[in-house]
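Residue numbers (the working numbering), protein chains in the order written: chain A, -13 to 319; chain B, -13 to 319. Glycine is no exception: its CB is placed at the ideal position from the N, C-alpha and C atoms. Computed from a predicted structure; not experimentally measured.
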């Protein structure tokens, strides 16, 4: 029986799955970041190779029998020209694993949607380190909102919130902003709350060390501080950050809505999965106007990449096939 | 007669001045960015060398007769440990020019203050690409507020405003934010408003190109878009950015104030020099509580570096010396 290969190549991890055309997962492999844009071509190629070899090995499949490969990746939703260097990175990595079938790139957001539902119409929204929403019609992404990256967009994302948290804490210590309980909490997280340091010169010593430590990180790493904003609902500063984030996320889902499209809303990413105040605000906005579909939470898009791979391979993914993908994948991990 | 050397080493330009102990400027030199942190050690060393050689050459001074050197530089206000690698970069550059006298580093914000007044007490605030305020007492920086850089601080600065402008424009085109006249203006500035492009796929084509162009810039370059926020006072989006910026700048000057310290307020940087709405908000906040000193606008800190160099060389800088520095420097440029 013929098999297809599905890969979900994310910024921090890459997951590969060999699945037969009935939707049964036969082998699963996992590795580090596999997006050539965020991890660099060399690391991405290595991650893709490791994950794919893992999946093929567990399945015991001859790689030359793989009928097609479908790769879900950020950015593939919109633009990936034929001469995009990512094509070459991926092609070389697959050939290195003995996989010589044609491959197709699909949107990571579409894979998230398909990990939550076999429906062909609906919406998906992810708010993890970044934030974006898509409207799906007839199994394709019809409209994307945000996902414009940490500097220009990703409004309400984990980075956006964590950045606002660090700015509020710096302003607090600097005397420009109100005191907030996020300040001692952040200093504690960074192991900088080492008792009473005497003031040194024209600036508090804690401020120096904090700023030094934070600038040493890659900016997107500020996303790790997002939970602090949700931890102090009684603090006006923290609440202000959360309110601004939910307002931004609400504007993003609203911009994705077409009154003619109903169907499920699939939510993913740490902000929407772990912060009920954020997911309920998004759901409330989405329900306005009478949308009746179910809301599904998904941890990641591997099962959705498999759904897309099956469709690319000619399988109609109904509820039964969808459930088989999900349960057989769960059994492998 | 003995002379001293003053250098104002900024992120985009370096200016050097040879001045005699009466305050008369004898030679002036100029070069590119001279801060080892922002321009890198090699470029900074080259800029320092070019500016210093220019000043010495115009003055016709034997460099071995220079009694002392004073260098104003960002970051020197607060911390510059003896083992800081910047010390070595500067020392080598000066020795390369034949200047073997001892050198001292001073705050660039203190130099801005001293470029506006010979007073020993008062305040200075700069809002250019970055933003910071200092309180000066007895000729030294007693307290610094903000200047924490584009990611964590510089609230209300040119970068901060320009960043908010680009985010608002991206949100407008993305359908997440309200329409604003800053959108066509920004697209025009970037030469991206090339008539009607057909929508391509799930995103507007203009958004792709805008985001691509903006991510190719160094983040601080977004400061160039700050004037757009001030250009549309009737637009609620633009006005919101300006209001938030003036609120932030007001918080920064307020945090610098000590009720016991009066004296002049020296303002610098493009936001405060060119945008009356910003400078008047800062002045209004600063006047609260009864401060009576004059407000002075200064373009840059070279004259202030000279004042600091003269003081380091033992000269008392009174109004007469101060005026001589300013007028003889103006005559040289």
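Given this structure, state the Cα-to-Cα distance separating residue 281 of chain B from residue 246 of chain B, to the nearest angstrom. 18 Å
Taking the alpha-carbon positions, what's the residue 89 of chain A to residue 104 of chain A distance? 22 Å
Let me know the beta strand (DSSP E) ranges lying completely inside the stretch 231 to 290 of chain B, each 3 residues or longer, listed in chain order. 251 to 254, 281 to 283
So is residue 238 of chain B in contact with chain A if we call contact Cβ pairs under 8 Å? yes
Under 8 Å between C-beta atoms of residue 53 of chain B and residue 97 of chain B: no
As a quick exercise: from A:219, A:85, A:107, pick the residue whose alpha carbon is nearest that of residue -7 of chain A. A:85
Counting only beta-carbon separations shorter than 8 Å, does residue 160 of chain A have a partner in chain B? yes
6 Å CB neighbourhood of residue 315 of chain B in its chain, flanking five on each side removed: 11, 289
Exposed or buried, which one is residue -2 of chain A when buried takes at least 16 other CB atoms within 10 Å? exposed
Could you tell me which chain B residues have their CB closer than 7 Å to the CB of residue 114 of chain A, listed as they occur along the chain? Here the premise fails: no neighbours, minimum Cβ distance about 18 Å.
Pull out every residue of the stretch 189 to 220 of chain A whose Cβ sits closer than 9 Å to any Cβ of chain B, in chain order. 189, 193, 194, 196, 197, 200, 201, 205, 208
Which residue wins for smallest C-alpha separation from residue 41 of chain B, given the options B:83, B:8, B:70, B:28? B:83
For residue 390 of chain A, which residues of its own chain have a beta-carbon under 6 Å away from its beta-carbon, when the five flanking residues on both sides are left out? This structure does not reach residue 390 of chain A, given that chain A is present from -13 up to 319, and the question cannot be answered.
Taking 8 Å as the cut-off, does the stretch 166 to 177 of chain B touch the stretch 145 to 156 of chain A (at least 3 CB pairs, one atom from each stretch)? no
I'd like to check one pair, residue 264 of chain B with residue 232 of chain B: are the Cβ atoms closer than 8 Å? yes
In chain order, which beta strand (DSSP E) runs of at least 3 residues are fully inside the stretch 14 to 101 of chain B? 52 to 59, 89 to 93
N- and C-terminal bounds of the alpha helix (DSSP H) containing residue 307 of chain B: 305 to 318
Proximity to residue 225 of chain B [Cα-Cα], best of B:-9, B:22, B:167, B:241: B:167
Classification of residue 276 of chain B by the beta-carbon crowding that lies within 10 angstroms, buried from 16 upward: exposed
Amino acids of chain B, ordered along the chain, whose beta-carbon sits closer than 8 Å to that of residue 169 of chain A: The premise fails here: residue 169 of chain A is roughly 13 Å from chain B at the closest Cβ pair, so nothing lies under 8 Å.
Taking the C-alpha atoms as reference points, what is the distance between residue 64 of chain B and residue 249 of chain A? Model confidence at residue 64 of chain B stands at a pLDDT of 46, short of 50, so the residue's coordinates are unreliable and nothing is read from them.
Mind checking if residue 156 of chain A is an interface residue toward chain B, Cβ cutoff 8 Å exclusive? yes
Look up residue 124 of chain A in the DSSP assignment and say whether it is helix, strand or coil. coil
What residues in its chain sit with their C-beta under 7 Å from that of residue 190 of chain A, if we drop five residues either side in the sequence? 159
Does any C-beta atom of chain B lie closer than 8 Å to the C-beta of residue 153 of chain A? yes
Same chain only: Cβ atoms within 8 Å of residue 322 of chain B, ignoring 5 sequence neighbours per side: Here chain B covers residues -13 to 319 and nothing more, so residue 322 of chain B does not appear.
Run the CB neighbour count on residue 109 of chain A, radius 10 Å, all protein chains shown included, and call it buried at 16 or more, exposed below. buried
Can residue 153 of chain A and residue 138 of chain B be called in contact, C-beta distance under 8 Å? yes
Going by Cα to Cα distance, which pick from A:304, A:55, A:215 is closest to residue 142 of chain A? A:215
Do we get a CB-CB distance below 8 Å when we pair residue 291 of chain B with the residues of chain A? no
What are the residues that DSSP puts in a beta bridge with residue 6 of chain A? A:-11
Under 9 Å between beta-carbons, which chain B residues line up against residue 132 of chain A? List them in chain order, please. 156, 157, 160, 162
For residue 25 of chain A, which option in A:15, A:0, A:129 has the closest C-alpha, if you only look at C-alpha atoms? A:0
Closer than 7 Å by beta-carbon distance: list the chain B residues that pair up with residue 127 of chain A, in chain order. 188
Chain B beta carbons: is any one of them nearer than 8 Å to that of residue 2 of chain A? no
Just to confirm, are residue 80 of chain B and residue 296 of chain B a CB contact at a threshold of 8 Å? no
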